[in-house]
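Position one of the sequence shown corresponds to residue 818 (the numbering used here), numbered consecutively onward.
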Amino acid sequence: MEVLRHTNSLCPVCLKRITAVLEKDGGDVYLRKLCPDHGDFSCVLWRGKPDFEEWTSRRFPLSGPQDKPENACPESCGLCGEHKQKSCTVILEVTENCQLKCPVCFADAGSPREAGFDFLAGMLGDIRRKAPEAILQISGGEPTLRDDICDLVGLASELEYPGLQLNTNGLRLAEEPGFASCLKKAGLGWVFLQFDGLRESTHIALRGRSLRSAKEQAIRACEESGLGVVLVPTLVPGINDDEMGDIIRFALEKFPVVRGVHFQPISYFGRFPGPPADENRITLPEVMNGLVEQTGGMTKLSHFHPSRCEHERCSFRGVYLVEKPERITPVGSGACCFGSSTAEEGAKSAIESIRRRWGADVASVYPAKYSTNSAESEIEDAFERFIRIYERGSFSISAMAFQDAENLDLERLRFCCVHVASHDGRLVPFCAWNLTGRDGRTLHRCR
């Protein structure tokens, strides 16, 4: 066993800050920590290739933004002076209501709590001032359950956020004619669509009901309205980790309305009960290797790279040009901001890359497919088409591994660039916001 580095974590029982070490055992890396009151804890962080040490890269920290900490990280998130990265994406949770009861949900859905329009309007202005370069994600609960959701999207659009996305299960998009067009006209850029797999058994296991046809109808509605879609599967070992290749093939068949797939390995907080065993986790290298194995050679490990925006152990990304559904070509390094000389440059690059690749109007990606003017379809220069597809029509395969109380590494947390807007005006790193102890106690969400 080789000690790679020392860090800090939290006790998953009492949520007190404790020391921890990263230890390498063969090709696997573990977080090991000791709480004086509750004993030893161990959790797998990394399994297999790419090699952990080869994957990690040099950090270029920013000066800490915004609030002066009164206590140690992560209790004083807001963002505190220990934080090292600005906001790339800010999440605004506009409701806690949801029509599903998913066992793997981040949020505590089902309660009737919901802020009023005027309060949220004030939050939108406050977020825009505090994080002027950040993309806004409107989330919940299920945000489309609000009757005024198009008005909220419209207000956010008027405030000229660099990018505007909606995180949704897609049921209202599928069931209500004209709803997707309402969102598009209000200024929505793209939809982050919960999409866990193609088997009905997957949807039933993770979401409690059959959803395949509803997901496909939601995608059709987005295509008809000109909204781009990113599919967001939650990966759970033994349930859908063998569906990654099928999800990619499905997404490519739906290109250009589907712009990419963003995998999220399961994290154990929210409504998921009990401390997890290591075999119930899937690590980033396992996702990468699963993609290579399941896509039949379309993807390779060399296509995937860490971001220089968030911490390098948070995510990976590969970017491709789509020639046809069964043929994709990797673009450059594959990382939206890989090679940026500073963390700040990486953040700016990430925001622009996401806005450009995921937010372009569907018809603008392949005008020949959607144009009613046959002459326009025929005269487009091939080089111009290549540049347009590269800028606005590339396809991304990415994953982000969120941290829970078992595997939390405060070094990673300090480089988080995905922040949740709290009702008291703070911007809190996503993993800190959702963190729960084994007894369900939280640090921030119910404050």
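In this text, a Cβ means the ideal position worked out from N, Cα and C, and glycines have one as well.
(message) Quick check: what's the CA-CA separation for Cys828 versus Lys841?
(response) Here residue 828 refers to the residue found at position 11 of the sequence shown. Here residue 841 refers to the residue found at position 24 of the sequence shown. Taking the straight line joining both Cα atoms gives about 21 Å.
(request) Can you have a look at Ala991 and say buried or exposed, based on whether 16 or more other CB atoms are within 10 angstroms of its CB? (result) Here residue 991 is taken as the residue at index 174 of the sequence shown, counted from 1. Per the 10 Å Cβ criterion, buried.
(request) Along the alpha helix (DSSP H) that carries Asp1063, what are the first and last residues, could you check? (result) Within the sequence shown, residue 1063 is the residue found at index 246, counting from 1. Taken as a continuous stretch (DSSP letters only), the alpha helix (DSSP H) holding Asp1063 covers Met1061 to Glu1070.
(request) Sort Ala932, Leu848, Ile908 and Leu909 by Cα distance to Arg1229 and report the nearest one. (result) Position 412 of the sequence shown, counted from the start, is the residue given in the question as residue 1229. Residue Leu848 is the option with its Cα nearest to Arg1229.
(request) Mind checking who Arg930 pairs with in its DSSP beta bridge? (result) The count along the sequence shown starts at 1 and reaches residue 930 at position 113. Paired residues: none, contrary to the question.
(message) Quick test of your reading: Asp1095 and Asn1057, contact by CB under 8 Å. State the CB separation rounded to the nearest angstrom.
(response) Here the question's residue 1095 lines up with position 278 in the sequence shown. Here the question's residue 1057 lines up with position 240 in the sequence shown. Actually they do not touch by this definition, with Cβ atoms about 19 Å apart.
(request) Would you kindly report the start and end of the unbroken alpha helix (DSSP H) that includes Thr1019? (result) Translated into positions along the sequence shown, residue 1019 becomes position 202. Note, Thr1019: alpha helix (DSSP H), Glu1017 to Arg1024.
(message) Closest to Lys1032 by C-alpha separation, out of Ala1022, Gly987, Leu1244 and Val1074, would be which residue?
(response) One-based indexing of the sequence shown puts residue 1032 at position 215. Lys1032 has its Cα closest to that of Gly987, out of Ala1022, Gly987, Leu1244 and Val1074.
(request) Give the secondary structure of Thr961 by DSSP, where H, G and I count as helix, E and B as strand, and everything else as coil. (result) Residue mapping note: residue 961 aligns to position 144 of the sequence shown, counting from 1. In this structure, Thr961 counts as helix in the three-state DSSP scheme.
(message) Please identify the residue among Cys1126, Ile944 and Thr961 whose C-alpha is closest to the C-alpha of Glu977.
(response) Taking the sequence shown and counting its residues from 1, the one referred to as residue 977 is at position 160. Cα-wise, what sits closest to Glu977 is Ile944.
(request) Could you have a look at Gln954 and say whether DSSP puts it in helix, strand or coil? (result) The residue labelled residue 954 in the question sits at position 137 within the sequence shown. Strand, per DSSP.
(message) Just verifying my parser: in three-state terms, what is the DSSP assignment at Arg1229?
(response) Your numbering for residue 1229 matches position 412 in the sequence shown. Arg1229 falls in the helix class under three-state DSSP.
(request) Kindly indicate which residue of Gln902, Asp868 and Leu896 has the alpha-carbon position closest to the one of Glu1127. (result) Numbered from its first residue, the sequence shown carries residue 1127 at position 310. It is Gln902 whose Cα lies nearest to the Cα of Glu1127.
(request) Note down the Cα distance separating Val1104 from Ala1216, rounded to an integer number of angstroms. (result) Stepping through the sequence shown from its first residue, residue 1104 is reached at position 287. Stepping through the sequence shown from its first residue, residue 1216 is reached at position 399. If you take the alpha carbons of Val1104 and Ala1216, they lie about 8 Å apart.
(request) Could you tell me the distance, in whole angstroms, from the CA atom of Ile1083 to the CA atom of Cys999? (result) Here the question's residue 1083 lines up with position 266 in the sequence shown. Here the question's residue 999 lines up with position 182 in the sequence shown. One C-alpha to the other measures close to 32 Å.
(message) To the nearest angstrom, how far is the alpha carbon of Ala948 from that of Glu870?
(response) If you number the sequence shown from 1, residue 948 lands on position 131. If you number the sequence shown from 1, residue 870 lands on position 53. The alpha-carbon atoms of Ala948 and Glu870 are separated by roughly 32 Å.
(request) Would you kindly work out how many angstroms separate the C-alpha atoms of Arg946 and Leu981, rounded to a whole number? (result) As a first step, residue 946 is located in the sequence shown; it is residue number 129 there, counting from the start. As a first step, residue 981 is located in the sequence shown; it is residue number 164 there, counting from the start. Arg946 and Leu981: Cα-Cα distance of roughly 16 Å.
(request) State the DSSP-derived secondary structure class of Arg822, mapped to helix, strand or coil. (result) Indexing the sequence shown from 1 puts residue 822 at position 5. In the structure shown, Arg822 sits in a strand (DSSP, three-state: E or B).
(request) Kindly indicate which three-state DSSP category Ile918 falls into: helix, strand or coil? (result) Within the sequence shown, residue 918 is the residue found at index 101, counting from 1. Checking the displayed sequence, the identity of residue 918 turns out to be Lys instead of Ile. If DSSP states are grouped into helix, strand and coil, Lys918 belongs with coil.
(request) Quick one: give me the first and last residue of the beta strand (DSSP E) that Gly1077 is part of. (result) Numbered from 1 along the sequence shown, position 260 holds the residue referred to as residue 1077. Element bounds for Gly1077: Val1075 to Pro1082.
(request) Would you be able to state if there are at least three C-beta pairs under 8 Å between the stretch 1060-1068 and the stretch 1106-1113? (result) yes
(request) Report all residues from its chain with a CB closer than 7 Å to the CB of Asp851; omit the five preceding and five following residues, and keep chain order. (result) As a working mapping, residue 851 is identified with position 34 in the sequence shown. Residue identity differs from the one stated: residue 851 is Leu in this sequence, not Asp. For Leu851, where only same-chain residues beyond five positions count, the Cβ hits under 7 Å are Ile835 and Asp857.
(request) Determine which residues share a DSSP beta bridge with Leu1137 and list them. (result) If you number the sequence shown from 1, residue 1137 lands on position 320. The sequence as given places Tyr at residue 1137; Leu does not occur at that position. BP columns for Tyr1137 point to Pro1147 and Phe1212.
(message) The beta strand (DSSP E) that contains Arg1029, what's its start and end?
(response) Walking along the sequence shown from the start, residue 1029 turns up at place 212. No beta strand (DSSP E) contains Arg1029, which is instead part of the alpha helix (DSSP H) from Arg1029 to Ser1042.
(request) Can you tell me which of the three DSSP states Val1053 falls into? (result) Here residue 1053 corresponds to residue number 236 of the sequence shown, with the count starting at 1. Coil at Val1053, not helix or strand.
(request) Could you tell me the boundaries of the alpha helix (DSSP H) in which Pro1102 lies? (result) As a first step, residue 1102 must be located in the sequence shown, where it is residue number 285. Element bounds for Pro1102: Leu1101 to Gln1111.
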